[in-house]
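Visitor: Quick one: this structure, given as structure tokens, is what I'll be asking you about.
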Amino acid sequence: MSGLLKIDNVTISFGGLTAVDSLNMTLAEGSIRALIGPNGAGKSTVFNLITGIYTPSKGQIFFRGRLINKLPPHKITGLGIARTFQNIRLFTNLSVIDNVKIGHHCRSKASFIDALLRSPSTKKEEADIQRQAMDCITLMELADKADEMAGNLSYGEQRRLEIARALASNPSLLCLDEPAAGMNPIEKETLAKMIKKIKKMGITIFLVEHDMKFVMNLAERVTVLDYGKKITSGTPAEVQRDPAVIKAYLGK
Ligand code: ADP
Ligand code: MG
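Residues in the sequence shown are numbered consecutively from -10, following the numbering used here.
This is the structure we're talking about:
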């Protein structure tokens, strides 16, 4: 099986630092894969490589068999890869629904600013975008807050709104960078339930997360990075008892 996403021997260096080193990974379609590792291991860099923010110094990245590592970010979004960022990036003085509509425009447009300035060409297009944005916020249980300013949402709701916005680009691969960071246990439980629902819709999920319990409950396979190198990959149970993982990550 070739997989939905294939990372083939990818390396990226910043000056003397090799942030990701000869990484090989294949994500099966419809699965939840976690990427874990200590701070600075290279996890966010992997997402930046997949989404075209960085170009590998070496190696190739394939999505549905197509080479994507030379494409600009908006083209990669257009092919069906969406992501959230480790730090919340919302337009806090725009409404919840408008934040999500921007996600829709991002599928075809290069920047958020383009998306903001561009008006839909037809009434039908506007209605479709509105309906689709409502579907995304309904899925993330934010429908009753559609007209609220994003900045007025609780922290957990803001993180869910970011996922709703990513979903608005209609992805088949959703990359979530520490989506549960800073959440309380109840917020985490709600989020886990939603991630499972997104998976049931057929969307493949690539999850970077620090909370081991959260990862172990969701992911079918876990890949562990340390200093940019893959130290192991396996089921949550396999990874948890791997001595190299305990040394690199759990022991810290
Ligand atoms: P993680 O997400 O696992 O905590 P990152 O992927 O953010 O780690 O970072 C991995 C390493 O790469 C870190 O040492 C970080 O400082 C470095 N790094 C990431 N992006 C850049 C960049 N644009 N320029 C220089 N160093 C970077
Ligand atoms: Mg990170």
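Think of the CB as a built atom: it goes at the ideal place given N, C-alpha and C, for glycine as much as any other residue.
Using CA coordinates, which residue listed in Glu198, Leu207, Asn206 is at the minimum distance from Leu214?
Guide: Out of Glu198, Leu207, Asn206, Glu198 has the C-alpha closest to the C-alpha of Leu214.
Visitor: Evaluate Ser143 with the Cβ neighbour count: other Cβ atoms within 10 Å of its Cβ, from every protein chain shown; 16 or more gives buried, anything less gives exposed.
Guide: Flag for Ser143 reads exposed.
Visitor: Strictly by DSSP, which residues pair up with Ile277?
Guide: Not covered by the structure: residue 277. The range shown for the chain is -10 to 241.
Visitor: Could you spell out where the alpha helix (DSSP H) holding Asn37 opens and where it closes?
Guide: It spans 32 to 39 - the alpha helix (DSSP H) in which Asn37 sits, taken as one unbroken run.
Visitor: Assuming Thr34 and Ala8 are in contact, meaning their beta carbons sit under 8 Å apart, how far apart are those beta carbons, in whole angstroms?
Guide: Between Ala8 and Thr34 the Cβ distance is about 5 Å, and since that is below 8 Å, they are a contact.
Visitor: For the candidate residues Gly5, Arg230, Thr111, Gly(-8), whose alpha-carbon lies nearest to that of Arg22?
Guide: Ranking Gly5, Arg230, Thr111, Gly(-8) by Cα distance to Arg22 puts Gly(-8) first.
Visitor: Along the beta strand (DSSP E) that carries Ile21, what are the first and last residues, could you check?
Guide: It spans 21 to 25 - the beta strand (DSSP E) in which Ile21 sits, taken as one unbroken run.
Visitor: Distance, Cα to Cα, Lys188 vs Pro232?
Guide: Their Cα atoms are separated by approximately 30 Å.
Visitor: In or out: Asn82 buried (at least 16 other Cβ within 10 Å) or exposed?
Guide: With fewer than 16 other Cβ atoms within 10 Å, it is exposed.
Visitor: For Ile(-4), collect the residues of the same chain with a Cβ closer than 7 Å to its Cβ; drop the 5 residues on either side in sequence, then sort them by chain order.
Guide: Excluding sequence neighbours, Ile(-4) sits near Leu12, Asn13, Met14, Ile50.
Visitor: The beta strand (DSSP E) that contains Ile192, what's its start and end?
Guide: Where Ile192 is concerned, there is no enclosing beta strand (DSSP E), given that its DSSP letter is neither H nor E.
Visitor: How long is the line joining the alpha carbons of Ala135 and Asn159, rounded to whole angstroms?
Guide: Each residue's Cα considered, the two are about 19 Å apart.
Visitor: Within its chain, find whatever has a CB closer than 8 Å to the CB of Val204; leave out the 5 residues flanking it on each side and keep chain order.
Guide: Excluding residues within five positions, the ones whose Cβ falls inside 8 Å are Ala23, Ile25, Leu196, Glu198, Val211, Pro225.
Visitor: Is Asp166 a contact residue of ligand 2, with contact defined as CB to any heavy atom under 7 Å?
Guide: Yes, ligand 2 has a heavy atom inside 7 Å of this Cβ.
Visitor: Go ahead and pull the three-state DSSP assignment for Ala71.
Guide: Ala71: strand per DSSP, three-state reduction.
Visitor: So, helix, strand or coil for Lys98, using DSSP?
Guide: Note on Lys98: pLDDT 48, under 50, position unreliable in the model; the coordinate value appears next. Coil at Lys98, not helix or strand.
Visitor: Going along the chain, which residues put their C-beta within less than 5 Å of some heavy atom in ligand 1?
Guide: This selection yields Phe3, Ala8, Asn28, Gly29, Ala30, Gly31, Lys32, Ser33, Thr34.
Visitor: Could you tell me which residues DSSP pairs with Gly223 in its beta bridges?
Guide: Per DSSP, Val211.
Visitor: Can you list, in chain order, the residues of its chain whose CB lies under 7 Å from that of Asp10, leaving out five sequence neighbours each side?
Guide: These residues qualify, in order along the chain: Thr0, Gly217, Lys218.
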